[in-house]
Amino acid sequence: MINGGSIITLQRILGHASLKQTMTYAHFAPDFLQDAIVNNPLKGGLSL
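Pasting the structure below:
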């Protein structure tokens with residue numbers, strides 16, 4: 001993820017039903033997590 005991967009792509013690869021489930025297993029530095037939220041193509045209700 002740190003090297004430019006997409007959390008949405010990771011979610012699909014892992015077969016998770018929700019982005020929240022994927023984020024439980026993905027360990028992010030706060031800056032990268034914020035970038036993932038800001039650049040989220042779904043623009044859902046996630047916030048820090």
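When we follow UniProt numbering, the leftmost residue of the sequence shown carries the number 1, and every step to the right adds one.
For every residue, glycine included, the Cβ atom is placed at its ideal position computed from N, Cα and C.
Distance CB(residue i)-CB(residue j) smaller than 8 Å
{"i": "residue 11", "j": "residue 22", "result": "yes"}
{"i": "residue 7", "j": "residue 26", "result": "yes"}
Close beta carbons around residue i, own chain, < 6 Å, minus the five adjacent residues each side
{"i": "residue 19", "result": "11"}
Spatial neighbours of residue i in its chain, beta-carbon cut-off 8 Å, leaving aside the 5 residues before and after
{"i": "residue 42", "result": "8 and 19"}
{"i": "residue 5", "result": "none"}
Neighbourhood of residue i by C-beta distance below 7 Å, restricted to the same chain and skipping five residues each side
{"i": "residue 16", "result": "22"}
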